[in-house]
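K.L.:
Below are the structure tokens for one structure; questions will follow.
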Amino acid sequence: MGNLGPLELTLILVIVVLLFGAKRLPETAKSVGQSLKIFKKTISEDDEKKDAPREVTSNDDVAPPPSTRSDEPNRTEL
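Residue 278 in my numbering is what sits at position 58 of the sequence shown, and the numbering runs on without skipping anything.
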């Protein structure tokens, strides 16, 4: 079932021409090609992101937690 001969390919081509029409066939093929190109580009970008080492970030940009004042009573002790 894996091999397609010339007769099968011709039959598939005839069905495609009948479905899409001869005028729309080049337009459809172009859009399918562009879609595959974008798909391959997206997959390769995702692979590059996975392979890239992660940068170590420092906590200098993070604001410190709010300090608690010791002169205020602790509300849980009321």
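All C-beta atoms in this analysis are idealised placements derived from N, C-alpha and C, irrespective of residue type, glycine included.
Look at the Cβ atom of residue 240, then the Cβ atom of residue 248, and state whether they are nearer than 7 Å.
P.N.:
It is a contact, given that the beta carbons lie within the stated cut-off.
K.L.:
My output table needs one value for residue 227: the three-state DSSP class, helix, strand or coil.
P.N.:
Helix.
K.L.:
Output the distance between the C-alpha atoms of residue 226 and residue 233, rounded to the nearest integer angstrom.
P.N.:
Distance between the alpha carbons of residue 226 and residue 233 is about 10 Å.
K.L.:
Using the Cα positions of residue 236 and residue 264, report the straight-line distance between them to the nearest angstrom.
P.N.:
Straight-line Cα distance between these residues: approximately 31 Å.
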